[in-house]
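Worksheet: one structure, shown below.
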Amino acid sequence: MRALAATAVATLAALPAAARAAESARAQGQFAWLQQLEGDWVLAADQDSEAAKHPVIAPLVGSGTVALRYRLVGSRTTLQENIFPGTPREMATMYHCVDKACSQVMADHYCSLRNQPVLRAAPPTAPGQLVFQCDPAVAVCASPDAHLDRLTVERLEGSANQLKTSFSIRKDGKIADLLVFHFERRK
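In structure tokens form, the structure reads like this:
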């Protein structure tokens with residue numbers, strides 16, 4: 022009986038460790054996927070979003086000018102994203118693991134709305150796609166003020182050279198805008 026009880030306790034104790042290991046493996050895979058985005062990207066000529074018609078962004082569409090740049094910084098522990106570099110709409114997002122074990126991937130977004138939402142990677146729902154959701158523990162994410170609520174980064178048609186980003190903006194407790202952009206890796 023004691024042996025059975027000891028085995029049961031050991032098995033139950035191992036469950037949280039196994040779950041943590043699985044979460045860490047998932048997060049490490051997500052961060053490795055993000056690292057593959059390193060380089061310069063241009064706005065594709067075929068944009069189907071009103072966001073691409075913005076007067077600051079429209080001149081970049083199909084121009085071959087870098088509109089998105091990813092680079093690894095901090096001994097390759099952080100992926101720095103600059104979208105619309107050199108424009109009044111330039112924003113930065115820093116993707117990183119929350120700890121050394123990489124138990125969770127985070128995105129700290131420095132927005133042209135002049136706020137800094139912190140987003141957490143969600144469990145995968147589709148291959149070739151990462152979704153980040155605003156962390157409700159962060160004040161800006163619980164605020165009625167306009168802020169980035171959801172960020173989706175997706176490789177198109179499984180291509181390493183085509184990317185779609187979607188930004189869901191929340192204001193007054195509801196989604197107020199969805200900004201979608203298509204990028205191609207600069208050759």
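Heads up: the sequence shown begins at 22 in the working numbering, then just goes up one per residue.
Cβ coordinates follow ideal geometry from the N, Cα and C atoms, glycine included.
query: DSSP three-state label for P111, please.; result: It should be pointed out that residue 111 corresponds to Glu in this sequence rather than to Pro. It is coil, neither helix nor strand.
query: Judging by CA-CA distance, which residue of V119, A147, I104 and P80 is the nearest neighbour of T98?; result: V119
query: Note the first and the last residue of the continuous alpha helix (DSSP H) segment covering C162.; result: A160 to A163
query: Return the CA-CA distance between H168 and A38, expressed in angstroms with no decimal places.; result: 35 Å
query: Since C108 and H130 are thought to touch, with beta carbons under 8 Å apart, how far apart are those beta carbons, to the nearest angstrom?; result: The identity of residue 108 in the sequence shown is Thr, whereas the question assumes Cys. Between H130 and T108 the Cβ distance is about 17 Å, and since that is not below 8 Å, they are no contact.
query: Pull up the distance between the alpha-carbon of G60 and that of G149, whole angstroms please.; result: 18 Å
query: Could you give the residue range of the beta strand (DSSP E) that holds S189?; result: Q183 to K192
query: Tell me which residues share the same chain as T173 and place their Cβ nearer than 6 Å to its Cβ, disregarding the 5 neighbours each side in the sequence.; result: V152 and S187
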